Amino acid sequence: MTVDDVVLAANGDTAAFERVYNAHVPRVHGLARRMAGPEAADELTQDVFVRAWQKLGSFRGESSFGTWLHRLAVNVIIERFRTLGVARDRFLADSEAVLDVAHAPPRSRPDLGMDLDAAIERLPDGARTVFMLHDVEGYRHEEIAQMLGVSAGTSKSQLHRARHTLRAMLNAERPQASRT
Amino acid sequence: MDEHTTRRRQPDSASSPPVSRPGPAVDDPLDADDPLLAAIQGLGDARPERNLWPAIEARVAPRSATRRSVTFTLPQLAMAATLLIAVSGGVSWLALQPPSAPGSAAEPPIRAVAEPAAAIRSDVGRASFADAQYDAAVADLESILREQSEQLDPQTVMVIERSLQAIDEAIRQSRAALDADPANTYLNSHLADARRRKLDLLRRAAGLSSGGD
Numbered sequence: 001m002t003v004d005d006v007v008l009a010a011n012g013d014t015a016a017f018e019r020v021y022n023a024h025v026p027r028v029h030g031l032a033r034r035m036a037g038p039e040a041a042d043e044l045t046q047d048v049f050v051r052a053w054q055k056l057g058s059f060r061g062e063s064s065f066g067t068w069l070h071r072l073a074v075n076v077i078i079e080r081f082r083t084l085g086v087a088r089d090r091f092l093a094d095s096e097a098v099l100d101v102a103h104a105p106p107r108s109r110p111d112l113g114m115d116l117d118a119a120i121e122r123l124p125d126g127a128r129t130v131f132m133l134h135d136v137e138g139y140r141h142e143e144i145a146q147m148l149g150v151s152a153g154t155s156k157s158q159l160h161r162a163r164h165t166l167r168a169m170l171n172a173e174r175p176q177a178s179r180t
Numbered sequence: 181m182d183e184h185t186t187r188r189r190q191p192d193s194a195s196s197p198p199v200s201r202p203g204p205a206v207d208d209p210l211d212a213d214d215p216l217l218a219a220i221q222g223l224g225d226a227r228p229e230r231n232l233w234p235a236i237e238a239r240v241a242p243r244s245a246t247r248r249s250v251t252f253t254l255p256q257l258a259m260a261a262t263l264l265i266a267v268s269g270g271v272s273w274l275a276l277q278p279p280s281a282p283g284s285a286a287e288p289p290i291r292a293v294a295e296p297a298a299a300i301r302s303d304v305g306r307a308s309f310a311d312a313q314y315d316a317a318v319a320d321l322e323s324i325l326r327e328q329s330e331q332l333d334p335q336t337v338m339v340i341e342r343s344l345q346a347i348d349e350a351i352r353q354s355r356a357a358l359d360a361d362p363a364n365t366y367l368n369s370h371l372a373d374a375r376r377r378k379l380d381l382l383r384r385a386a387g388l389s390s391g392g393d
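Now the structure itself:
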């Protein structure tokens, strides 16, 4: 993929857009899979690229295309949460189910380094979303609060909770891995 | 948010997809020796197990024609507006010209060409916008105009010529755009309108030169 491919795609060239897709689909799919789960990842990835196609004309090149696309992907995924009824109060709730870290499922895709992936997948919605946005994607609490419609304090508490739970799950797996 | 986005992410060119992750935001960082940080940095991405492109292509392909149909640059739009003004002005100016008074000094020589002009206008009235008929009608009217131009006021001739040039340019642009997008409804309509305007202008001009419409 080249810079020209983005320009060509913006002018309706689907072959160029396919090259854009091929260059960026791993990252977009990974984001969708971790934030929304493997079941929704394929459909969300398609939605992201369709939205990107529709919005290509608004890409002015102030940031890199990868950054622009990633930001758009986050927006599409969060919109999906809202559509599916993962409502604001879900993120506010401190009553999300407490995870049983002692029974973490075995790694299904060790080729992808699924230790952390499997643990992220088991997080409650709010904690997983905040963890992904903050610790993996680098958004600040204020930004996350704005995106999700919650307070910065809620974002911080969800992150704290996610980190605590993830460490517990990773530690629970570690001795098991060392025995094999 | 944009400021943060710029600061947070390493710039990556469109030719090299992002490969590194930004990691935790600076407002609540993880310790450097936190195993969670190492795990985050070790996260990898893989292509989806099934090819998603065909489904995406099916959803974006119909958009191609639509996008092309509305993609005009600012200079193109400005040119279109200029052409419209010029053409409208020319046609209006011609429409406002008073018909020659019966019995005036100019009547005899104009009458001498009135009959053939009327006959040609009748043909034009039956002409469709199919290329052969249209082109023949336009050629006839242009021929009449050339023959009678000496009898018209020089300013009138100048306005007619400028208007015709503007219309011809509109037709040329429409045809060029249609070469790239033959099925575009807007462009086809635009071309038909420009051709109709040209025919109308020529008819009115021929009417002026023959002493009435």
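Taken in order, these protein sequences are the chains called B and G. Counting from 1, one number per residue, gives the positions in the first sequence under my numbering. Counting from 181, one number per residue, gives the positions in the second sequence under my numbering. Positions of the beta carbon are idealized from the N, C-alpha and C atoms, including for glycine. Computed from a prediction, not measured in an experiment: that's the story for all the values here.
Spatial distance of residue i from residue j (CA atoms)
i	j	result
A145/B	H70/B	18 Å
G149/B	E79/B	12 Å
H141/B	S155/B	6 Å
D320/G	D359/G	27 Å
H29/B	D117/B	13 Å
R82/B	D125/B	12 Å
E229/G	E237/G	17 Å
N22/B	A32/B	16 Å
Q328/G	D348/G	21 Å
T45/B	E62/B	24 Å
P362/G	F17/B	23 Å
R128/B	D213/G	22 Å
L209/G	W68/B	Before going further, note that residue 209/G is Pro rather than Leu in the sequence given. Cα to Cα, the separation comes out at about 24 Å.
R377/G	N75/B	49 Å
E322/G	M338/G	14 Å
V304/G	A385/G	Low confidence applies to V304/G: its pLDDT is 39, below 50, so where it sits in the model is not reliable, and the reading given next is rough at best. Roughly 14 Å separates the two Cα atoms.
P334/G	I351/G	26 Å
E143/B	D373/G	52 Å
D42/B	F59/B	24 Å
R340/G	R375/G	Looking at the sequence itself, residue 340/G is Ile, so the reference to Arg does not match. Each residue's Cα considered, the two are about 15 Å apart.
D225/G	H24/B	10 Å
L232/G	D207/G	36 Å
P105/B	M132/B	The predicted model places P105/B with a pLDDT of 48, which falls under 50 and marks its position as unreliable; any figure quoted below should be read in that light. Roughly 20 Å separates the two Cα atoms.
A218/G	R167/B	12 Å
R122/B	P204/G	20 Å
E330/G	Q345/G	19 Å
S151/B	N364/G	50 Å
F65/B	A40/B	24 Å
Endpoints, the alpha helix (DSSP H) within which residue i is located
i	result
G126/B	D125 to F131
D359/G	P334 to A360
Q146/B	H141 to L148
D115/B	M114 to R122
L216/G	P215 to Q221
Beta carbon of residue i nearer than 8 Å to that of residue j
i	j	result
S343/G	L371/G	no
V6/B	R239/G	no
R163/B	L216/G	yes
P26/B	R227/G	yes
G138/B	P234/G	no
G57/B	A10/B	yes
L72/B	D115/B	no
L325/G	L382/G	yes
A36/B	I77/B	yes
I220/G	V136/B	yes
L379/G	A317/G	yes
T14/B	A357/G	no
V130/B	L84/B	no
Whole runs of the alpha helix (DSSP H) within the region 35–93 of chain B, excluding any shorter than 4 residues: 38–55, 65–83 and 88–92
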